[in-house]
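In this note's numbering, the protein residues as written are 61 to 504.
What follows is a set of notes on a single structure, which appears directly below.
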Ligand code: FES
Ligand SMILES: [Fe+2]
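Next comes the structure, spelled out in structure tokens:
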């Protein structure tokens with residue numbers, strides 16, 4: 061028996077026996093029309109570009125494996141159409157923007173933003189083509205500088221994605237979009253992998269964010285009404301810092317203030333980054349969303365608003381804009397995620413305790429994908445739930461005689477419980493609820 065095991069799995073130099081690369085986890089990673097996740101993700105509005113990208117020319121885009129064209133017509137309305145003209149397939153990226161809609165460059169077929177044919181000028185006036193054919197089109201909305209489209213069943217258009225964090229009057233929302241050449245899931249699940257914050261972002265090659273990120277964490281992972289959040293609690297000097305980072309299914313994530321240094325007390329401070337991971341196709345994705353700018357989120361003035369936009373963001377490691385050698389010496393999220401292969405192969409992974417958040421996220425996604433396939437509509441952010449959960453709370457709690465890990469865990473649990481329990485209340489009420497939970501800890 062022992063011999064058989066040894067032969068099947070040599071202890072050393074096992075490369076020869078481990079060359080096979082199995083298939084990918086298509087239930088969660090395939091995004092094209094008709095795929096399980098692809099259909100589920102189409103049930104939510106998806107940001108596709110920045111409003112500022114729609115100028116006096118059409119924009120060719122590819123989203124969820126579909127080739128499209130986005131444009132703003134001369135009356136200011138936004139259209140998203142199938143890219144290839146319904147006549148003989150010329151790309152509408154070469155089309156002409158009209159007062160209403162767009163005209164194909166080849167024979168002048170004129171489409172409105174809903175795909176209706178307004179004119180087929182080379183055909184006789186009696187033609188009934190307009191009554192028989194439409195160009196594929198998707199509904200759009202614009203929110204805070206982002207263009208969203210809805211790619212799902214037109215019988216079930218969800219409400220626009222309203223978020224409490226986007227309605228905070230103290231912050232300016234600055235839209236951005238970055239592309240990343242790998243499958244969407246390995247980008248998304250990074251946000252439920254807080255262990256990488258300690259290693260990739262702080263200990264491996266110096267601090268990408270504040271040095272406090274290098275402190276050991278006490279971790280927990282909890283389901284929320286819209287997905288899940290992690291509970292990261294660290295000691296930093298005399299302070300205890302609990303950060304919650306959430307995923308709102310299917311593909312939205314919010315992260316706390318980017319430069320948080322945990323050196324002043326705060327309660328229920330909200331987010332620095334709201335971003336969707338939108339699949340372009342199975343092996344390419346967009347990170348697209350808003351950076352939240354405000355002096356309370358960035359007291360040290362580290363934000364660089366001028367560096368936030370199309371293919372650029374004001375924090376390190378999100379693209380391949382530095383040299384290969386620089387990336388090898390100081391890798392970032394981009395390098396870690398893209399190098400997991402074009403589509404990470406789950407069957408080759410060895411998931412361990414520190415992957416608990418990734419395991420829970422995949423489980424929740426799989427459950428949602430299967431429920432959707434059975435006809436159950438997912439909760440929609442903005443309708444069923446406006447409150448979101450990402451926050452930071454820092455409390456002055458000097459290390460005492462007792463077990464500090466227990467104190468950290470208690471702080472994390474009380475904050476998380478209060479953050480969840482306060483859903484549906486006003487921001488001020490939510491802050492008061494979290495404050496009271498932490499005050500109780502201090503007294504107790
Ligand atoms: S291919 Fe577009 S009008 Fe002919
Ligand atoms: Fe990261």
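The beta carbon of each residue, even a glycine, is placed where N, CA and C say it ideally should be.
- Note on residue 264: under 16 other CB atoms within 10 angstroms of its CB, so exposed under the neighbour-count rule.
- In the three-state DSSP reduction, residue 266 falls in the coil class, being neither helix nor strand.
- Taking C-beta separations shorter than 8 Å and ignoring five residues to either side along the sequence, the partners of residue 274 in its chain run 258, 262, 263, 267, following chain order.
- Residue 72 counts as exposed, since fewer than 16 other C-beta atoms from the protein chains shown sit within 10 angstroms of its C-beta.
- Relative to the non-hydrogen atoms of ligand 1, the Cβ of residue 143 never comes closer than 7 Å to any of them.
- The continuous beta strand (DSSP E) containing residue 326 extends over residues 326-329.
- Straight-line spacing of the CA atoms in residue 314 and residue 76 works out to 42 Å.
- In terms of Cβ geometry, residue 85 and residue 406 form a close pair [threshold 8 Å].
- The beta carbon of residue 356 sits no closer than 7 Å to any heavy atom of ligand 2.
- Spanning the alpha carbons of residue 110 and residue 455 requires a straight line of approximately 38 Å.
- The residue from 82, 104, 80, 382 with its alpha-carbon nearest to that of residue 429 is 104.
- Taking C-beta separations shorter than 7 Å and ignoring five residues to either side along the sequence, the partners of residue 277 in its chain run 254, 258, 292, 293, 294, following chain order.
- With a contact defined as Cβ atoms closer than 8 Å, residue 204 and residue 226 qualify at about 6 Å.
- Taking residue 180 as the centre and dropping the five residues before and after it, the same chain places the C-beta of 169, 187, 189, 190 closer than 7 Å to its C-beta, in chain order.
- If you look at residue 89, you'll find it in the alpha helix (DSSP H) that goes 86-89.
- Within its own chain, the residues whose Cβ lies closer than 6 Å to the Cβ of residue 107, once the five positions on either side in sequence are excluded, are 206, 208, 336, 348, listed in chain order.
- The beta carbon of residue 415 sits no closer than 7 Å to any heavy atom of ligand 2.
- Nearest neighbour of residue 419 by Cα position, chosen from 332, 193, 250, turns out to be 250.
- For residue 150, the CB falls within less than 7 Å of some heavy atom of ligand 1.
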